[in-house]
Amino acid sequence: MKTLLSVNNYHYRRGGAEAVFLDHNDLFRDLGWNVVPFSMEHPENEPTKWKDYFVDEIEFGRTYSLPRKALNAFKITHSFEASRKMQKLVDQIQPQVSHLHNIYHHISPSILFTLKKNGIPSVLTLHDLKIACPAYKMLTHDGVCERCKGGNLFNVVKHRCVKDSRVTSSVIFMETMVQRLIGSYRSNVDVFVVPSRFYLEKFVEWGWDRDRFQHIPNFVDVDRFQYCDEIGEGFVFAGRLGPEKGLRTLVDAAAQAGVKLKIVGTGPLEEELKAIAESHGADITFYGYRSGEELQKLIKSSKALVLPSEWYENAPISILEAYSLGRPVIGADIGGIPELIRPGQTGEIFESGNTEGLVEVLTAFNELSSDTAKTMGRAGREWVENSFTPRNYRERMLNLYKTLGN
22 MKTLLSVNNY
32 HYRRGGAEAV
42 FLDHNDLFRD
52 LGWNVVPFSM
62 EHPENEPTKW
72 KDYFVDEIEF
82 GRTYSLPRKA
92 LNAFKITHSF
102 EASRKMQKLV
112 DQIQPQVSHL
122 HNIYHHISPS
132 ILFTLKKNGI
142 PSVLTLHDLK
152 IACPAYKMLT
162 HDGVCERCKG
172 GNLFNVVKHR
182 CVKDSRVTSS
192 VIFMETMVQR
202 LIGSYRSNVD
212 VFVVPSRFYL
222 EKFVEWGWDR
232 DRFQHIPNFV
242 DVDRFQYCDE
252 IGEGFVFAGR
262 LGPEKGLRTL
272 VDAAAQAGVK
282 LKIVGTGPLE
292 EELKAIAESH
302 GADITFYGYR
312 SGEELQKLIK
322 SSKALVLPSE
332 WYENAPISIL
342 EAYSLGRPVI
352 GADIGGIPEL
362 IRPGQTGEIF
372 ESGNTEGLVE
382 VLTAFNELSS
392 DTAKTMGRAG
402 REWVENSFTP
412 RNYRERMLNL
422 YKTLGN
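So the mapping is simple: our numbering equals the position in the sequence shown, first residue as 1, plus 21.
Here is the structure:
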């Protein structure tokens with residue numbers, strides 16, 4: 022039996038990266054592999070017999086004593102605890118390959134040196150832009166930002182790119198400088214997996230060797246989504262209500278187009294968006310946080326999902342989920358979003374941040390016949406069934422592992 026060492030900061034469904042991590046583990050367990058997780062201790066973690074090897078919890082945003090803050094600042098750069106526990110785990114399980122997801126700050130890249138020392142091939146899935154941009158998103162107070170391209174990382178402090186805090190940004194600046202100086206990622210990771218071609222090209226633009234990357238798209242299990250052929254009314258957005266999501270643009274556009282809009286999610290812009298919608302007298306309903314069947318019902322009750330993002334999204338699984346439900350997608354032409362939309366076939370694309378452009382698309386889409394919308398939704402579902410299945414994903418990963426000798 023082959024053993025996969027699977028690593029991620031959290032061992033519960035906290036977000037998209039955690040969903041990929043846990044679903045990846047399930048796929049390989051179903052294949053008969055021994056899958057061993059390595060994560061951070063957390064009260065919401067899914068149960069596992071390997072929890073004793075997990076590292077102590079660090080939860081940013083909590084109130085810690087000054088000595089603990091200093092210790093945490095050091096641990097995000099290099100965690101001796103993580104290295105020590107990783108060595109014990111490796112000695113116990115002798116894995117053939119390690120696959121890492123989000124390890125920054127909580128577990129830290131220190132474990133990469135441990136894996137390298139023990140001759141264990143490592144694959145790192147890049148769910149964000151961290152290995153290029155210290156602040157993960159290439160986004161700052163004035164929008165999309167590539168100021169650090171070329172190596173001038175002090176911009177992260179100058180522009181307070183992390184949590185709008187100069188102190189926090191300074192800690193992340195120092196952490197990034199150390200990781201680059203000791204070659205944490207460049208010297209120790211065998212292959213980087215990227216879910217979008219956009220991210221692959223962006224890393225190459227920023228000086229990374231193209232041969233280090235493998236494009237493997239995300240996946241969804243369509244059996245978890247009940248396809249609906251009855252097209253609903255209006256449009257829906259589902260996600261975090263943050264400034265990078267383009268929601269001010271969406272609310273303004275929906276008001277100008279006079280279309281119905283459902284906004285599902287919570288976040289820092291919630292009250293502001295409600296005030297904008299009210300001032301416009303727009304037909305916009307805020308549903309707060311929803312998940313599972315509730316969220317699926319809201320998406321199915323609409324004509325299309327809208328992703329008006331104004332930052333470099335990677336490869337949003339929400340697009341694949343909407344297709345699985347039989348709904349077209351309207352997306353901004355930024356990041357990896359355009360790779361997942363076939364204009365006129367599975368949805369439409371508009372210029373990111375362009376309110377007038379979004380008004381035109383919403384208006385045109387609102388006037389589509391139900392038959393046309395159904396055809397688009399059906400095409401999206403078929404695309405997922407052919408190209409974004411768990412089986413396709415697992416086969417691509419197996420082929421990658423084989424190149425590493427496993």
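Glycine included, each C-beta is placed from N, C-alpha and C at the ideal position.
{"Query": "Do the CB positions of Pro411 and Leu48 come within less than 8 Å of each other?", "Result": "yes"}
{"Query": "Between which two residues does the beta strand (DSSP E) containing Val28 stretch?", "Result": "24 to 28"}
{"Query": "Taking Cβ positions, are Asn209 and Lys151 nearer each other than 8 Å?", "Result": "no"}
{"Query": "How is the beta strand (DSSP E) around Asn55 delimited, first residue to last?", "Result": "55 to 59"}
{"Query": "Counting beta carbon pairs with one atom in the stretch 56 to 72 and one in the stretch 28 to 38, are three or more of them shorter than 8 Å?", "Result": "yes"}
{"Query": "Reducing DSSP to helix, strand and coil, say where Gln235 ends up.", "Result": "strand"}
{"Query": "Using a 10 Å radius around the Cβ and a threshold of 16 neighbouring Cβ atoms, would you call Met159 buried or exposed?", "Result": "buried"}
{"Query": "Going by C-alpha to C-alpha distance, which of Val327, Phe234, Val177 sits closest to Thr424?", "Result": "Phe234"}
{"Query": "Determine the extent of the alpha helix (DSSP H) in which Glu293 is found, giving its start and end residues.", "Result": "291 to 301"}
{"Query": "Can you list, in chain order, the residues of its chain whose CB lies under 6 Å from that of Glu102, leaving out five sequence neighbours each side?", "Result": "Val76"}
{"Query": "What is the rounded straight-line gap between the Cα of Gly279 and the Cα of Tyr206?", "Result": "49 Å"}
{"Query": "Pick out the complete beta strand (DSSP E) segments inside the stretch 138 to 207, 3 residues or longer, and give them in chain order.", "Result": "143 to 146"}
{"Query": "According to the neighbour-count rule (16 or more other Cβ atoms, all chains shown, within 10 Å of its Cβ), is Arg89 buried or exposed?", "Result": "Confidence at Arg89 is low in this model, with a pLDDT of 44, below 50, so the placement of that residue is unreliable and no value is reported for it."}
{"Query": "On the DSSP bridge assignment, give the partners of Gly309 in chain order.", "Result": "Val285"}
{"Query": "Classify Val382 as helix, strand or coil using the three-state DSSP reduction.", "Result": "helix"}
{"Query": "What are the start and end residues of the alpha helix (DSSP H) that includes Ile2?", "Result": "This structure cannot speak to residue 2, because the chain is shown only from 22 to 427."}
{"Query": "Taking Cβ positions, are Pro349 and Gly286 nearer each other than 8 Å?", "Result": "no"}
{"Query": "Is the Cβ-Cβ distance between Tyr220 and Asn335 less than 8 Å?", "Result": "yes"}
{"Query": "Kindly list the residues whose CB is nearer than 8 Å to the CB of Pro289, restricted to its own chain and excluding five residues on each side of it in sequence; keep chain order.", "Result": "Leu262, Gly263, Pro264"}
{"Query": "Distance, Cα to Cα, Leu361 vs Leu174?", "Result": "32 Å"}
{"Query": "What is the residue span of the beta strand (DSSP E) that Asp120 lies within?", "Result": "At residue 120 the sequence reads His, which differs from the Asp that was named. First-last of the beta strand (DSSP E) with His120: 118 to 121."}
{"Query": "Along the alpha helix (DSSP H) that carries Ile355, what are the first and last residues, could you check?", "Result": "Neither: Ile355 is in no alpha helix (DSSP H) and is coded neither H nor E."}
{"Query": "Take the Cβ of Tyr17 as the centre, count every other Cβ of all protein chains shown within 10 Å, and call the residue buried at 16 or more, exposed below.", "Result": "Any answer about residue 17 is impossible in this case: the structure gives the chain only from 22 up to 427."}
{"Query": "Could you work out which residue in Gly426, Tyr344, Phe386, His126 is closest to Arg245 when comparing CA atoms only?", "Result": "Tyr344"}
{"Query": "Starting from the C-beta of Ser143, find all residues in its chain whose C-beta is less than 6 Å away, skip the five residues before and the five after it, and write them out in chain order.", "Result": "Ser119, Leu136, Val210, Asp211"}
{"Query": "For Pro216, collect the residues of the same chain with a Cβ closer than 6 Å to its Cβ; drop the 5 residues on either side in sequence, then sort them by chain order.", "Result": "Pro238, Asn239, Asn335, Ala336"}
{"Query": "Between the alpha carbons of Lys305 and Val272, how many angstroms are there, rounded?", "Result": "The sequence shown places Ile at residue 305, rather than the Lys named in the question. Looking at the two C-alpha atoms, the distance is approximately 8 Å."}
{"Query": "Look at Gly253 and Lys324 and say whether their C-beta atoms are less than 8 Å apart.", "Result": "yes"}
{"Query": "Between the Cα of Gln113 and those of Tyr74, Gly140, Ser100, spot the shortest distance and give me the residue it belongs to.", "Result": "Tyr74"}
{"Query": "If the criterion is Cβ atoms closer than 8 Å, does the pair Thr270 and Leu419 meet it?", "Result": "no"}
{"Query": "Are there 16 or more other CB atoms within 10 angstroms of the CB of Met22, so buried, or fewer, so exposed?", "Result": "exposed"}
{"Query": "Would you call the stretch 325 to 333 in contact with the stretch 352 to 371, where contact means no fewer than 3 C-beta pairs closer than 8 Å?", "Result": "yes"}
{"Query": "Would you report the Cα separation of Ala453 and Trp227, rounded to the nearest angstrom?", "Result": "Coverage of the chain is limited to positions 22 through 427, which leaves residue 453 absent and any answer about it impossible."}
{"Query": "Using a Cβ-Cβ cut-off of 6 Å (strictly less than) and excluding sequence neighbours within five positions of Lys170, which residues of its own chain qualify?", "Result": "Trp227"}
{"Query": "How long is the line joining the alpha carbons of Trp54 and Ser27, rounded to whole angstroms?", "Result": "12 Å"}
{"Query": "Going straight from the alpha carbon of Leu341 to that of Ala400, what length do you get?", "Result": "12 Å"}
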